[in-house]
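Asks:
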Amino acid sequence: MKQTKPYSVIYSDNDIVVFNKASGILTASDRYDKDAPRLDLIAEPEFGRLMAVHRIDKDTSGIVIYARNADAHRNLSIAFERRLVKKVYHALVHGRPAWETYVSQAKLLPDGDAHHRTIVNKRLGKASCTEFKLIGTCGPFSWIEARPLTGRTHQIRAHLADLGISIVCDPLYSGNQKPVRLSDIKRSWHGDVYEERPLLSRLALHAYTIELAHPITEEPVKFTAPYQRDMNALRNQLAKIYKVDPLAETEQDDD
538 MKQTKPYSVI
548 YSDNDIVVFN
558 KASGILTASD
568 RYDKDAPRLD
578 LIAEPEFGRL
588 MAVHRIDKDT
598 SGIVIYARNA
608 DAHRNLSIAF
618 ERRLVKKVYH
628 ALVHGRPAWE
638 TYVSQAKLLP
648 DGDAHHRTIV
658 NKRLGKASCT
668 EFKLIGTCGP
678 FSWIEARPLT
688 GRTHQIRAHL
698 ADLGISIVCD
708 PLYSGNQKPV
718 RLSDIKRSWH
728 GDVYEERPLL
738 SRLALHAYTI
748 ELAHPITEEP
758 VKFTAPYQRD
768 MNALRNQLAK
778 IYKVDPLAET
788 EQDDD
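Using our numbering, the first residue of the sequence shown is number 538, and each one after it goes up by one.
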């Protein structure tokens, strides 16, 4: 049986490659799990040596950019350091926030507790900023857009946790790994509860778009990562039932 790659290619040229990463894959080396699967090494046979310029969480799906040469690596690293890169994430969370938009500037301390979580720490934490927007509510869940202006480890998850909001299927910050099943959201469901497969059983956080200047040509570029199959299946079902679609709402905002 042919094994499916844990990534798809959104764009590539001689200087950069842009992937849509599956959940469960690291983007670079991890000091806590040196043997865990890494996207850069998995894709190396196809693209050669890849140089990381940013990270997304192992359990987060979506856009990752790598440099393919030293010049691109240097210029991309500078762009990220100077916060010249615009990133948009989509998250499905439990409940409904009390706000339509919110800017969190809580200072964050990575690896701040025994579970290696990022925590809010006013004294030792680093300056951090995430802009949040409520896209829409779907019964027991809500779709949220997050724009991290800094790049702290687990930043979106930690800022939401500080606000008392947990992302669906996030065992690290919410303690709730309960998968989302169709029977949970569809009242007229009549299937077999013992045979039902979850629509989503991993962290409902997706790196959706990224905008930046190409590191060599300096042309402005924007890349979009379609939802992974599991998250898209859940999106489709929620859209049918509650008439709220994060992709449709986002496209309207872009017009």
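Here a beta-carbon is modelled for each residue, glycine too, at the ideal position from N, C-alpha and C. Remember, it's a predicted structure, so these values are computed and weren't measured experimentally.
With distance defined between alpha-carbon atoms, name the residue in TYR548, GLN714, LEU736 nearest to LYS723.
Replies: Checking every option, the nearest Cα to that of LYS723 belongs to LEU736.
Asks: Counting Cβ pairs, one atom from each stretch, are 3 or more of them under 8 Å apart for the segment 700-718 and the segment 733-750?
Replies: Yes: the two stretches touch, three or more of their Cβ pairs being nearer than 8 Å.
Asks: So, with DSSP's three-state summary, where would you put ALA651?
Replies: Coil at ALA651, not helix or strand.
Asks: Express the C-alpha separation of GLU756 and MET538 in angstroms, rounding to a whole number.
Replies: Note that MET538 scores a pLDDT of 45, beneath 50, so its modelled location is shaky; the value from the coordinates is reported in the next line. Going from the Cα of MET538 to the Cα of GLU756 covers about 42 Å.
Asks: Per DSSP, which one or two residues make a beta bridge with CYS675?
Replies: DSSP output for CYS675 lists PHE678 as bridge partner(s).
Asks: Identify the continuous alpha helix (DSSP H) that holds ALA559 and give its terminal residues.
Replies: Premise fails: ALA559 is in no alpha helix (DSSP H) and is neither H nor E.
Asks: Would you kindly check if the distance between the Cβ of TYR603 and the Cβ of ILE553 is under 8 Å?
Replies: Yes.
Asks: Can you name the start and end residues of the alpha helix (DSSP H) that HIS727 belongs to?
Replies: That residue, HIS727, is in no alpha helix (DSSP H); it is neither H nor E in DSSP.
Asks: Ends of the beta strand (DSSP E) at SER614?
Replies: Counting along the chain, SER614 falls outside any beta strand (DSSP E), though it belongs to the alpha helix (DSSP H) covering 607-618.
Asks: Indicate whether HIS591 and PHE617 have their beta-carbon atoms separated by less than 8 Å.
Replies: Yes, the Cβ-Cβ distance between HIS591 and PHE617 is below 8 Å.
Asks: Quick one: give me the first and last residue of the beta strand (DSSP E) that HIS757 is part of.
Replies: A quick correction: the sequence has Pro, not His, at residue 757. Per DSSP, PRO757 belongs to the beta strand (DSSP E) from 757-761.
Asks: Could you say if the segment 683-693 and the segment 621-636 meet the contact criterion of at least three C-beta pairs nearer than 8 Å?
Replies: Judged by Cβ distances under 8 Å, the segment 683-693 makes contact with the segment 621-636, as three or more pairs qualify.
Asks: From the DSSP output, which residues share a beta bridge with LYS623?
Replies: Looking at the DSSP assignment, LYS623 forms a beta bridge with GLU748.
Asks: Does the beta-carbon distance from ASP596 to SER560 come in below 8 Å?
Replies: Yes.
Asks: Across which residues does DSSP place VAL781 in a beta bridge pair?
Replies: DSSP output for VAL781 lists no bridge partner at all.
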